[in-house]
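*Asks:* Before we start, here is the structure in question, set down as structure tokens.
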Amino acid sequence: MAVHELAGKPAPDDILVNVPRLVSLYYTGRPDAANPLERVAFGTSGHRGTPFRNSFNEAHILAVTQAVCDYRKQEGISGPLFLGMDTHALSEPSHMTTIEVLAANGVSVMIHQGMGYTPTPVVSHAILTHNRDHGDRPADGIVITPSHNPPEDGGFKYNPPHGGPADTGITAWIEKRANTLMADGNRDVLRIPYDKAVKTDTTVERDFITPYVDDLRNILHMDAVRDAGVVIGVDPMGGAGVGFWAPIADRYRLNLTVVNPKVDPTFAFMTVDGDGRIRMDCSSPFAMAKLIGMKADYDVAFGNDPDADRHGIVTRSGGLMNPNHYLAVAIDYLFRNRPGWRPDAAVGKTLVSSAVIDRVAGALKRRISEVPVGFKWFVDGLIDGSYGFGGEESAGASFLRMDGTVWTTDKDGIIMNLLAAEIRAKTGRDPAEHYQALTEKFGDPVYERLEAPANAEQKAVLKKLSPDQIRVDHLAGDPIREKLTHASGNGAAIGGLKVVTENGWFAARPSGTEDIYKIYTESFKGLEHLRKIQEEARAVVAEVLKASGV
């Protein structure tokens, strides 16, 4: 896809979202429950949409919150529900709607004091902290966020008592119940006015910042960062982490500057992403252009997306790091510097993450557990300590406390950022310098993700591929070692195909929200070899679709 002419440049006024119109449509839009494009639909990160397409309206939030209440009742979840929100324009009205329904259902709901913003990992941390001490009254959580999506989008995520993203069994139940409610005009939704809902005994304001910030000393060597005088720059990208960085700096006496403290629902301070839209993607060099421009001012700098579950690492030596590169560095460092972890703790990675991680894990003599796309696959391993680390190629990861116990079961961009400062403090080298050293040992892979059009019938075929449908035995000149339709780490269906050789691989997966399929590719033999992998990957997919008659 061609890079837009505005990519990396300050957002012009004419592409900023009209917030009053957006919020008005949230309340006045009437989604059609019979239209698949306007129904509640949970993807890998909850329900997302926009009032401009009647895919995220008050009707959706009323229905899905009531569905969560019904699910809690069915499952006997009797503890508090931790409710967080990010800084998107739709998050605050959605947060209010959610409180109205939770209060009417008698749910004990914990909200950040002063209606403050709450990162996704902070909600996960709060759930797990509560459940560690009150297992008889398990807590769960909701985060109102569309993650890094454009300013006109809204999102709703449910985290059950294990603290991580709900699995497909739970989301399918909630989705079905919500759509049934919405189809009936939400007549069975319980709701009380907001001014009464926030005054009920069951709606409680609490400080979400202090417990999380104080606990950071149990997962990171914060004193080492202070003592080394690491100079840190942080861009919260106008997100929910904005209120956390100053307390972190104060608590641990860090040399840390928040380079952009602004919160603006239009995100007008952003530089435009590669497709010409505003998107708070901290792994995008276009969205992170301002912080990259400051790299010489800091030993290490980093950003987060609006709900702070993703990380973006900027170094003096290498600028913005590719997420795969930083995952490899983090894994290599952590497994060498966390003696309190189980000796058999595995490295968890999604199947579309770089194979350099496999090579790093091999040198560490650690088992690789490769799972399908979605952080939910790491939850159980993080809880019992059998995974020391779980990471996704899309710049999301979490890891264990220093004593080998669980920290969060959702992605935590804050600890991944602070880990970069710890690495700099403890080794004297920034993460990009460490990655360069890894490539000298394991090779320097080239990685790229592509997209191609696919209709519903074609996507259905790709989702249910079997290895025997792939008739080739070589890829870009190398013998094929594996043809995978199920993840090697847990045997779960990957919803697509992965083909692996000694020197490269590709994976093809249909999108769950768009009429496209995605091809992830990597080569350890350079760009020309990568192009051959991509060309042959397209041919493999085309042949399968042709043979299937779609």
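Numbered per my numbering, the sequence shown spans residues 646 to 1195.
Glycine is no exception: its CB is placed at the ideal position from the N, C-alpha and C atoms.
Remember, predicted model here, so these are calculated numbers, not experimental data.
1. Would you say the segment 1082-1096 touches the segment 1123-1140, given that touching needs at least three Cβ pairs under 8 angstroms?
2. Are residue 882 and residue 951 close, meaning C-beta to C-beta below 9 angstroms?
3. Identify the continuous beta strand (DSSP E) that holds residue 1043 and give its terminal residues.
4. Can you tell which of 785, 1161 and 766 has its C-alpha closest to the C-alpha of residue 854?
5. Can the beta-carbon of residue 1037 be found less than 9 angstroms from the beta-carbon of residue 1010?
6. Counting Cβ pairs, one atom from each stretch, are 3 or more of them under 8 angstroms apart for the segment 766-784 and the segment 737-747?
7. Looking at the structure shown, is residue 827 part of a helix, part of a strand, or coil, going by DSSP?
8. DSSP three-state call for residue 1022: helix, strand or coil?
9. What separation, rounded to the nearest whole angstrom, lies between the Cα atoms of residue 901 and residue 697?
10. Thinking just about the alpha-carbon of each residue, which of 981, 1179 and 783 is nearest to the one in residue 720?
11. Identify the residues that DSSP records as bridge partners of residue 1124: which are they?
12. Under 6 angstroms Cβ to Cβ from residue 787, same chain only, skipping five residues before and after it: list those, please.
13. When the Cα atoms are used, what is the spatial distance from residue 964 to residue 971?
14. How far does the beta strand (DSSP E) with residue 1032 in it reach, from first residue to last?
15. Rank 756, 978, 1081 and 1040 by C-alpha distance to the C-alpha of residue 1072 and give the top, closest one.
16. List, from N- to C-terminal side, the alpha helix (DSSP H) runs of 4 residues or more that fit wholly inside the segment 750-821.
17. Quick one: complete alpha helix (DSSP H) runs, 4+ long, within the segment 889-936?
18. Alpha carbon to alpha carbon, what distance is there between residue 893 and residue 703?
19. Is it true that the CB of residue 1127 sits closer than 9 angstroms to the CB of residue 1106?
20. Just confirm the distance between the C-beta atoms of residue 748 and residue 911, as a whole number of angstroms; I'd bet it's less than 8 angstroms.
21. Taking only runs of the alpha helix (DSSP H) that begin and end inside the segment 649-701, which ones reach a length of at least 4 residues, in chain order?
22. Spell out a yes or no on whether the segment 1017-1031 and the segment 803-815 are touching, meaning 3 or more CB-CB pairs, one atom from each, closer than 8 angstroms.
23. With a threshold of 16 other CB atoms inside 10 Å of the CB of residue 1111, please say whether the residue is buried or exposed.
24. Using a threshold of 9 angstroms, state whether the C-beta atoms of residue 1033 and residue 990 are closer than that.
25. By the three-class DSSP mapping on this structure, what secondary structure does residue 1162 have?
*Replies:* Quick answer:
1. no
2. yes
3. 1041-1044
4. 766
5. Not a contact, by the Cβ cut-off of 9 angstroms.
6. no
7. helix
8. In this structure, residue 1022 counts as helix in the three-state DSSP scheme.
9. 39 angstroms
10. 783
11. 1119
12. 728 and 803
13. 12 angstroms
14. For residue 1032, the enclosing beta strand (DSSP E) covers residues 1032-1037.
15. 978
16. 765-778
17. Fully enclosed alpha helix (DSSP H) runs of 4 or longer: 890-897.
18. 35 angstroms
19. no
20. Between the beta-carbon of residue 748 and that of residue 911 there is about 31 angstroms, and that puts the pair past the 8 angstroms contact cut.
21. 664-673
22. Short answer: they touch.
23. Residue 1111 comes out exposed.
24. In this structure, residue 990 lies closer than 9 angstroms to residue 1033 by Cβ.
25. Three-state DSSP puts residue 1162 in a strand.
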